[in-house]
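Using our numbering, the first residue of the sequence shown is number 37, and each one after it goes up by one.
I have placed the structure first, in the form of structure tokens, so that the comments after it can refer back to it.
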Amino acid sequence: MDIAAIYHSEIFKFVILPALIFMARICDVTLDTLRIIYVSRGMKFTAPIMGFFEVLIWLMAISQIFQNLSNPVCYVAYAGGFAMGNFIGIILEEKMAIGTVIIRIITQKEAVNLIEVLKTNHYGVTHIDAQGVMGPVKIIFTIIKRKDIDRVLKIVRTCNPLAFFTIEDVRSARKGVYPMTVTRSKKHGVSAAK
């Protein structure tokens with residue numbers, strides 16, 4: 037069986053081609069999802085490169101759709117690849133944990149222990165006294181890498197399980213501590229924050 041015969045076979049038309057379109061859409065939409073996230077975070081060099089490959093893959097997929105307009109299986113593969121590409125793109129972005137966030141913690145009880153534990157773990161902390169609906173509160177701010185969210189929230193839940201917190205993306209942060217880089221002095225064995 038030669039390649040031309042395979043290309044014109046029913047198996048190619050209804051199984052192989054739709055599978056290729058499905059995979060191409062997964063790739064291009066995953067890249068699109070990541071590219072949009074990179075654009076929103078101001079990553080001006082990575083986003084255009086991803087956009088180039090995204091559009092290149094999309095052109096290959098859509099050209100096959102136009103060449104096979106009478107094949108409804110290709111339409112389903114195209115739409116399914118789009119949906120799956122969004123899902124995979126979001127999962128990948130979560131796993132990569134790119135960027136910086138600010139965690140705002142509001143606590144009604146005394147927060148000295150929470151603040152000290154965060155500082156001990158080398159997270160920069162800014163805290164202020166404030167007035168809430170039910171009386172005085174402490175507001176604690178910390179800017180951290182996204183990959184550290186689970187670690188910081190575990191500290192918050194351990195030290196102050198009733199604390200209210202919000203997490204927001206930070207487009208950019210200059211200077212500051214998130215978390216502080218720790219080095220060990222070889223001579224004295226003492227850790228120092230940079």
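Ideal Cβ placement from N, Cα and C applies to all residues, glycine included.
Residue i to residue j span [Cα, whole Å]
i	j	result
residue 101	residue 57	8 Å
residue 42	residue 67	31 Å
residue 55	residue 113	7 Å
residue 187	residue 208	21 Å
residue 226	residue 155	Legend: pLDDT at residue 226 = 39, less than 50; position of this residue unreliable, value from coordinates given subsequently. Taking the straight line joining both Cα atoms gives about 16 Å.
residue 47	residue 53	9 Å
residue 142	residue 64	41 Å
residue 157	residue 69	33 Å
residue 201	residue 105	52 Å
residue 165	residue 199	14 Å
residue 153	residue 82	36 Å
residue 103	residue 193	57 Å
residue 159	residue 110	51 Å
residue 49	residue 210	55 Å
Neighbour-count burial assignment, residue i, 16 or more Cβ in a 10 Å radius
i	result
residue 162	exposed
residue 62	buried
residue 145	exposed
residue 115	exposed
residue 183	exposed
residue 97	buried
residue 51	exposed
residue 121	buried
residue 60	buried
Delimiting residues of the beta strand (DSSP E) encompassing residue i
i	result
residue 206	200–206
Endpoints, alpha helix (DSSP H) assigned at residue i
i	result
residue 99	82–103
residue 59	53–76
Exercise for the section: May I ask you to verify whether the stretch 144–160 touches the stretch 82–94, counting CB pairs closer than 8 Å and requiring at least 3? Expected result: With the cut-off at 8 Å, the stretch 144–160 and the stretch 82–94 do not touch.
Practice task
Would you mind listing the alpha helix (DSSP H) stretches within the stretch 120–172 that are 4+ residues and don't spill past its ends, in chain order?
Solution key: 148–156
Problem - Contact between the stretch 166–186 and the stretch 136–144 (3+ Cβ pairs under 8 Å) - result: yes
Exercise for the section: Would you be able to state if there are at least three C-beta pairs under 8 Å between the stretch 69–77 and the stretch 122–134? Expected result: yes
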